[in-house]
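The block underneath contains the structure these notes are about, expressed in structure tokens.
Protein chains in written order, with my numbering: chain R, 1 to 383; chain E, 1001 to 1298.
Written out as structure tokens, the structure reads:
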């Protein structure tokens, strides 16, 4: 019975996603030529894609393993630089001329995979010593590692302080390597969406597997978990590296979506949308322990960021609010504080959105609400 | 040889500044087990307070460094406010993780709030000279007065703070609360008041650190506290968090490592070395240099 529900769930999800995907591609074919889609929607979707992967990957460590990592963007930087440099090298070796050839798509997949693997390798190297510590100490040591990674990339002769923006590399990244212009962003939109879907699916399967159950056990009680025969250090390091892999993939997508790379975009805290703190904000907002929550939070935070900067309604607000909106990080900080104070579990908590269980979940929600109401009434009569 | 001594002096001076900040971290961590990420931003608050009060002080015909009194007051108020408004409600119902995330949020909030205030803005402000120039010269090595003062003040604050926690009633209350909150309540200690006082003292120290920092680098900007605070936290962990002499020791080690890396290896690698030292120490001795390893009860 259980097995058949799971199988049905996978089938339903696959079917719905396939229909949505095809419908989207059809829509793109119709609207792809017009300005709004090309100039606004496509770049926005690219950004959403890598933010979703990034938030979901950190949730593996923060929500499911229960360890705070503050250096997640370090792994993203590794992925971004690996993919960018590799694609440039391929182009210089003459493996492809233009971005429409099938070889380029192969190279694209190769770049993204390698970016992930290199990030996972570094994650492994970082995780082995770091995960001997817990809680605050782990947070601070991952922060340290994140800074060291950025610092080392800065000091590499072929990356440079200004990243690939230095000299001609920027222009060549944009034209010949991974950096997609607006029209290629539309052409390769299917690629970003596909990569995001694949990553999310693999992460879901991980959470539902024996590994996922083991790390949730570690989160709930590490000592009890190890007493039950779970090799805690193995699972911790494994999850850390696994999460770093997807951060690397997100980095590779970031490299695709941006014309230039600079290490300052991956720092611990900066003014931009992308830094290790911001990823933590997304995960907390979505709910620590809910991958669908992370995906939703990534989209929400992106929309907030986008609307604050570009929304036409902002001009209608009073000047004082507008001057606050000039500093988006201030808004994020306030959102984070409010969420932590009033809903410490985040929007989704540990709830996972699922199509097959949707009707059941809604019913459960209603019965729970009704019970709560009844209890409150009962309590009042007692009092 | 003279380069070596000069580097040593620079390292000691920098280390004393880190130590002053680390003392605040260590006190707060010792009492509520929370990395107060906003602590670095209290330095920024102190810095800006001095920028705005130095002209007033000078107009009154007093020496510029007296503005530190205002800075201490403002920092202590901001520190207490942070505890009362943000940390206490979250501590009551959340876990350690949510408290830590609140601390990160407070840090972001303070930094960006400062930027949003028109009088401050995102551009750095330059401070006027705080201490008179000149110094003592021994065997070809010059020591500015500001350097001497920084090192002396750092050491003096540590000694006073140590005596305060060991000898006074309030200090003993602090140590009690950090050991066991429930037991402290039973002994008639007002836990919440003790925590607020700890925040006030720790934040006040960051104002003194801001004075010393500005005497060396007379520039104030809104994100100045981030890296400074992080390194000071590294110093506190290095020496053994929650231990007052440990913060001083850790601060000096970090300052020396930074100055020696800058002058003998490369200035851009200094941060890498600082964090490498932290990682090595944490792996070899997670409780820090002066810390004791405590087993976990099951």
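Think of the CB as a built atom: it goes at the ideal place given N, C-alpha and C, for glycine as much as any other residue.
Exposure label - residue i; buried when at least 16 CB within 10 Å
i: residue 1217 of chain E; result: exposed
i: residue 310 of chain R; result: exposed
i: residue 376 of chain R; result: exposed
i: residue 1039 of chain E; result: buried
i: residue 263 of chain R; result: buried
i: residue 1264 of chain E; result: exposed
i: residue 250 of chain R; result: buried
i: residue 366 of chain R; result: exposed
i: residue 47 of chain R; result: buried
i: residue 195 of chain R; result: buried
i: residue 1237 of chain E; result: buried
i: residue 1027 of chain E; result: buried
i: residue 139 of chain R; result: buried
i: residue 1166 of chain E; result: exposed
i: residue 120 of chain R; result: buried
i: residue 1123 of chain E; result: exposed
i: residue 280 of chain R; result: buried
i: residue 28 of chain R; result: buried
C-beta neighbour in chain E for residue i, strict 8 Å
i: residue 341 of chain R; result: yes
i: residue 220 of chain R; result: no
i: residue 152 of chain R; result: yes
i: residue 43 of chain R; result: no
i: residue 69 of chain R; result: no
i: residue 132 of chain R; result: yes
i: residue 137 of chain R; result: yes
i: residue 17 of chain R; result: no
i: residue 324 of chain R; result: yes
i: residue 318 of chain R; result: no
i: residue 327 of chain R; result: yes
CB contact below 8 Å: residue i versus chain R
i: residue 1269 of chain E; result: yes
i: residue 1272 of chain E; result: yes
i: residue 1113 of chain E; result: yes
i: residue 1031 of chain E; result: no
i: residue 1116 of chain E; result: yes
i: residue 1097 of chain E; result: yes
i: residue 1042 of chain E; result: no
i: residue 1286 of chain E; result: yes
i: residue 1125 of chain E; result: no
i: residue 1101 of chain E; result: yes
i: residue 1183 of chain E; result: no
i: residue 1105 of chain E; result: yes
i: residue 1086 of chain E; result: yes
i: residue 1093 of chain E; result: yes
Backbone CA spacing between residue i and residue j [nearest angstrom]
i: residue 23 of chain R; j: residue 53 of chain R; result: 22 Å
i: residue 127 of chain R; j: residue 240 of chain R; result: 6 Å
i: residue 204 of chain R; j: residue 185 of chain R; result: 27 Å
i: residue 70 of chain R; j: residue 49 of chain R; result: 21 Å
i: residue 230 of chain R; j: residue 223 of chain R; result: 10 Å
i: residue 971 of chain E; j: residue 1248 of chain E; result: Given that chain E is displayed from residue 1001 to residue 1298, the structure contains no residue 971 of chain E and the question cannot be resolved.
i: residue 41 of chain R; j: residue 319 of chain R; result: 28 Å
i: residue 290 of chain R; j: residue 1095 of chain E; result: 18 Å
i: residue 131 of chain R; j: residue 94 of chain R; result: 43 Å
i: residue 358 of chain R; j: residue 293 of chain R; result: 15 Å
i: residue 111 of chain R; j: residue 123 of chain R; result: 18 Å
i: residue 214 of chain R; j: residue 227 of chain R; result: 12 Å
i: residue 1126 of chain E; j: residue 1050 of chain E; result: 11 Å
i: residue 1093 of chain E; j: residue 1227 of chain E; result: 30 Å
i: residue 1086 of chain E; j: residue 1177 of chain E; result: 20 Å
i: residue 166 of chain R; j: residue 84 of chain R; result: With a pLDDT of 46 at residue 166 of chain R, under the threshold of 50, the modelled position of this residue cannot be trusted; read the value that follows with caution. Roughly 14 Å separates the two Cα atoms.
i: residue 1158 of chain E; j: residue 345 of chain R; result: 40 Å
i: residue 1235 of chain E; j: residue 1278 of chain E; result: 8 Å
i: residue 1022 of chain E; j: residue 1232 of chain E; result: 5 Å
i: residue 1035 of chain E; j: residue 1110 of chain E; result: 16 Å
i: residue 38 of chain R; j: residue 245 of chain R; result: 30 Å
i: residue 247 of chain R; j: residue 260 of chain R; result: 19 Å
Cross-strand partners of residue i (DSSP beta bridge)
i: residue 1142 of chain E; result: E:1137
i: residue 216 of chain R; result: Residue 216 of chain R is not bridged to any residue.
i: residue 1045 of chain E; result: Paired residue(s): none; residue 1045 of chain E is not in a bridge.
i: residue 999 of chain E; result: With chain E covering only 1001 through 1298, there is no way to say anything about residue 999 of chain E.
i: residue 1220 of chain E; result: E:1125
> Could you give the uninterrupted runs of the beta strand (DSSP E) lying entirely in the stretch 77-132 of chain R, keeping only those of 3 residues or more?
Replying inline: DSSP runs (the beta strand (DSSP E)) wholly in the stretch 77-132 of chain R: none.
>> Going residue by residue through the stretch 248-304 of chain R, where are the continuous alpha helix (DSSP H) segments of at least 4 residues, counting only ones entirely within it?
In response: Qualifying alpha helix (DSSP H) stretches, in chain order: 276-286.
> Counting only runs that start and end within the stretch 41-68 of chain R, where is the alpha helix (DSSP H) found for 4 or more residues in a row?
Replying inline: As far as the stretch 41-68 of chain R is concerned, its whole alpha helix (DSSP H) runs of at least 4 residues are 42-59.
>> What ranges does the alpha helix (DSSP H) occupy inside the stretch 1237-1268 of chain E, keeping only unbroken runs of at least 4 residues that lie completely in it?
In response: As far as the stretch 1237-1268 of chain E is concerned, its whole alpha helix (DSSP H) runs of at least 4 residues are 1244-1264.
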